[in-house]
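Step one of this worksheet: look at the structure below.
Have a look at this one:
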C-alpha cells in the first residue's frame with residue numbers, strides 16, 4: 025500500500041501550515057493509517073478548531089487516497105474533537121459548569137441579537153463553544169467572546185484556561201452585524 | 078489598551094487575537110451594542126464624537142494607547158487620544174485623510190504629485206462636472222469624497238459620461254446616508270501600475286510595514302481592489318520615490334503617529350516613471366488583507382498595537398516569501414445563494430487560506446453601489462508568478478451563484 029504520509033505533509037506545507045502559523049498555531053502529520061491522516065496541532069485551539077473541517081477538506085482534495093482526517097493535540101492523543109473530549113453534560117465537569125453559566129447569564133441576553141451559544145466540550149481547561157443564530161458570522165462575535173463570555177467564565181471557573189470558539193462563522197446565514205471592506 | 082471597534086468590520090477578530098497574543102488588557106468601545114450584561118463594552122457612536130469621547134473618558138479608566146480597528150472609528154480614536162494626551166494622529170489630520178477633496182487640496186499646497194483635479198460642489202450647475210472633466214482631460218475619474226473601498230468611484234471617457242457618473246454617484250451617496258452637500262472630485266485618470274504602501278508614522282517619520290503590487294490594476298469603469306502581492310517588484314529607485322511621496326503626503330495631511338495606508342500609481346507617460354498619490358487613509362490596510370503579512374510570527378495588528386504603546390517595531394518579513402491576497406469582487410447584483418468549489422479552490426497548491434465573508438442569503442451589489450467583497454483568497458509561493466498563478470487558479474475554481 026502507498027505511504028501517503030509524504031503527500032499529506034506536502035499538502036500541509038503548501039496549503040495549510042502557513043495559514044495556521046498566521047493564526048498562532050502549528051501542524052504536523054503524525055501518520056496515515058488506512059486512509060485516515062492523523063495531524064497534530066499545537067498552539068491555540070481557537071486558532072485551529074474553527075478551521076478543522078476546512079483542513080480535512082483541503083487534505084482530502086489534495087491527496088485522493090485520504091478518506092478522513094483526525095486532528096489531535098499533544099498530551100491528548102487522538103482527541104479528535106478537542107476541546108470536546110469531556111462531554112458537556114458530565115455532572116460537575118468544567119463543561120457542565122460552563123454550560124450552566126452560559127444558559128443562565130449569556131443566552132437570555134444574546135437572544136436579543138437572535139444569538140445562542142452552546143458548550144461543545146472541555147479539555148485541559150479549555151472550554152469549546154459554538155455560536156449560533158445571530159452570533160454565527162457576526163463581525164463582533166470575537167468581542168462578545170473575549171470581552172463578555174470568557175471573562176465571565178474566568179471569574180466563575182477557576183480551572184478555566186481559555187475559551188475556544190469552534191464556530192464555522194463562514195456558514196452563518198444571519199449574522200447580527202455583517203462585515204464590510206474599508 | 079483602548080480598542081475602538083466598529084460594528085461592521087472585518088478587523089475585530091484580528092485585533093482581538095493580536096491583543097490576546099500580546100497579553101494586553103483591553104477596553105473595547107463599539108457602536109455595535111452588545112447584549113451581554115456587565116457592560117463589557119463601552120457603547121459609542123462615531124457620529125457623536127463629543128458624547129462618545131465623554132463616555133469613554135468616564136468609563137475606560139487609565140489606558141496607555143488608543144487604536145481604531147477600522148475607518149468609522151478613526152476620528153473618535155483621535156479625539157480620545159488627544160484628550161488623554163496619548164500619541165496619535167491629530168483629529169484634524171484624520172478628518173483630512175477621510176475627505177478626498179481635502180486630501181487633494183492639501184497635497185496640491187504641498188506640491189505632492191497627484192492627478193490633476195477639480196472639485197465640483199453639490200450645488201454646482203449641471204454643466205460643472207462635464208466642464209471639470211474637460212478641464213482635467215478625459216478619461217477622468219469621478220469620486221465621492223467621503224466613501225472608501227472604491228465605493229462611489231467611476232471612470233468616465235468623455236464629459237457626458239462624467240456627468241452620468243456624477244449622477245450615479247449622487248445616488249450612491251444618498252443610499253449610503255450621505256445626504257449632506259458634499260462635493261465630487263473629478264480627476265485625471267492616471268494609467269500605470271498601482272501599488273499600496275502600509276506603514277507606521279512616528280513623529281511624522283514613516284516605517285514601512287508592507288508594499289503591495291497590484292498586478293491586475295483596474296482600468297475602470299469601477300475600481301475593484303483585486304490582487305495584491307508583496308513584496309513589491311518595482312525597481313528600487315521607483316519604490317524609494319513612492320515611499321518618500323507617501324511619507325510626505327501623510328505629513329501634508331498632518332498625520333504624525335499611527336498607521337497609514339497609501340495608494341499610488343506609477344505614472345510612466347513621460348518616460349520617467351514617477352509616483353502619483355491616489356489616496357491615503359489614517360489606518361492600516363483594510364479587509365482581511367493583513368493576513369497576507371507576517372513579521373517573524375507577529376501579525377500586522379500586533380505591530381499596530383505595539384507601535385501605539387510606543388514599543389519598538391521591526392516590521393521585517395522574516396520568511397521573505399512572496400505573499401498575496403485576492404479580494405473577490407461581487408460580480409452582479411442579487412441574492413448570494415452559494416459559493417461553490419471552495420474545497421477545490423482551497424486545495425490549490427500555494428493557497429494558504431480562503432474566506433467567504435458574505436453570508437448566503439444576503440443581498441449583494443457590485444461597485445460602485447456596493448461596499449462589500451465576497452471574500453479573500455491568500456497564497457504564498459517561491460515567486461510572485463507562482464503566487465499570482467495560485468490565486469488565479471483558485472479563483473477559477475469558485476462558482477459564485479447569485480440570483
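Chains as they are written, first to last, in this note's numbering: chain P, 25 to 206; chain W, 78 to 480.
Glycine included, each C-beta is placed from N, C-alpha and C at the ideal position.
What is the residue span of the beta strand (DSSP E) that residue i lies within?
i, result
"residue 194 (chain W)", "194-197"
"residue 476 (chain W)", "476-479"
"residue 128 (chain P)", "Premise fails: residue 128 (chain P) is in no beta strand (DSSP E) and is neither H nor E."
Based on the DSSP secondary-structure assignment, which residues constitute the bridge partners of residue i?
i, result
"residue 140 (chain W)", "In the DSSP output, where bridge partners are listed per residue, residue 140 (chain W) has none listed."
"residue 264 (chain W)", "W:194 and W:218"
"residue 453 (chain W)", "W:404 and W:432"
"residue 440 (chain W)", "W:412"
"residue 291 (chain W)", "W:271"
"residue 154 (chain P)", "P:142"
"residue 372 (chain W)", "W:375"
"residue 134 (chain P)", "In the DSSP output, where bridge partners are listed per residue, residue 134 (chain P) has none listed."
"residue 187 (chain P)", "P:151"
"residue 62 (chain P)", "P:55 and P:94"
"residue 279 (chain W)", "W:282"
"residue 230 (chain W)", "W:220"
"residue 79 (chain W)", "W:104 and W:143"
"residue 358 (chain W)", "W:338"
Indicate whether at least one CB of chain P lies closer than 8 Å to the CB of residue i.
i, result
"residue 181 (chain W)", "no"
"residue 445 (chain W)", "no"
"residue 107 (chain W)", "yes"
"residue 433 (chain W)", "yes"
"residue 117 (chain W)", "yes"
"residue 142 (chain W)", "no"
"residue 442 (chain W)", "no"
"residue 208 (chain W)", "no"
"residue 481 (chain W)", "Here chain W covers residues 78 to 480 and nothing more, so residue 481 (chain W) does not appear."
"residue 90 (chain W)", "yes"
"residue 122 (chain W)", "no"
"residue 436 (chain W)", "yes"
"residue 255 (chain W)", "no"
"residue 82 (chain W)", "yes"
"residue 421 (chain W)", "yes"
"residue 154 (chain W)", "no"
"residue 373 (chain W)", "no"
"residue 282 (chain W)", "no"
"residue 132 (chain W)", "no"
"residue 250 (chain W)", "no"
With a cut-off of 8 Å, does the C-beta of residue i fall near any C-beta of chain W?
i, result
"residue 133 (chain P)", "yes"
"residue 140 (chain P)", "no"
"residue 168 (chain P)", "yes"
"residue 180 (chain P)", "no"
"residue 175 (chain P)", "yes"
"residue 145 (chain P)", "no"
"residue 164 (chain P)", "yes"
"residue 194 (chain P)", "yes"
"residue 191 (chain P)", "no"
"residue 233 (chain P)", "Residue 233 (chain P) falls outside the range modelled here, since chain P spans only 25 to 206, and no answer is possible."
"residue 107 (chain P)", "Interpretation of residue 107 (chain P) is limited by its pLDDT of 44, a score under 50 that renders its predicted location unreliable; no figure is taken from the coordinates."
"residue 154 (chain P)", "no"
"residue 85 (chain P)", "yes"
"residue 31 (chain P)", "no"
"residue 50 (chain P)", "no"
"residue 121 (chain P)", "no"
Grab the span of the alpha helix (DSSP H) containing residue i for me, first residue to last.
i, result
"residue 249 (chain W)", "236-252"
"residue 79 (chain P)", "76-86"
"residue 176 (chain P)", "174-180"
"residue 225 (chain P)", "Residue 225 (chain P) falls outside the range modelled here, since chain P spans only 25 to 206, and no answer is possible."
"residue 84 (chain W)", "Segment: none, residue 84 (chain W) is in no alpha helix (DSSP H) and carries neither H nor E."
"residue 470 (chain W)", "461-473"
"residue 421 (chain W)", "419-423"
"residue 207 (chain W)", "205-213"
(message) If we require 3 or more residues per run, which beta strand (DSSP E) segments fall completely within the region 302-352 of chain W?
(response) 304-307 and 335-344
(request) Count the C-beta pairs between the region 182-192 of chain P and the region 151-167 of chain P that are closer than 8 Å, then say yes if the count reaches three, no if not. (result) yes
(request) Report the residue ranges of all beta strand (DSSP E) runs contained in full by the region 95-176 of chain W; include only those spanning at least 3 residues, in chain order. (result) 104-107, 118-120 and 143-145
(message) Contact between the region 298-309 of chain W and the region 395-411 of chain W is defined here as three or more beta-carbon pairs at a separation below 8 Å; is this criterion met?
(response) yes
(message) Would you call the region 432-445 of chain W in contact with the region 457-474 of chain W, where contact means no fewer than 3 C-beta pairs closer than 8 Å?
(response) no
(request) Tell me, please, whether the region 386-393 of chain W touches the region 403-423 of chain W by the rule of three or more beta-carbon pairs shorter than 8 Å. (result) no
(request) Specify whether the region 201-208 of chain W and the region 362-380 of chain W touch according to this definition: at least 3 beta carbon pairs, one from each stretch, less than 8 Å apart. (result) no
(message) Using a Cβ distance threshold of 8 Å, determine whether the region 178-186 of chain P contacts the region 148-157 of chain P, with at least three qualifying pairs required.
(response) yes
(message) Within 8 Å, do at least three Cβ pairs link the region 152-161 of chain W to the region 112-129 of chain W?
(response) yes
(message) Below 8 Å, how does it come out for the region 429-439 of chain W and the region 285-292 of chain W: are there three or more Cβ pairs, yes or no?
(response) no
(message) Counting beta carbon pairs with one atom in the region 372-381 of chain W and one in the region 405-421 of chain W, are three or more of them shorter than 8 Å?
(response) no
(message) Taking contact to mean 3 or more Cβ pairs, one atom from each stretch, closer than 8 Å, check whether the region 169-181 of chain W and the region 211-226 of chain W are in contact.
(response) yes
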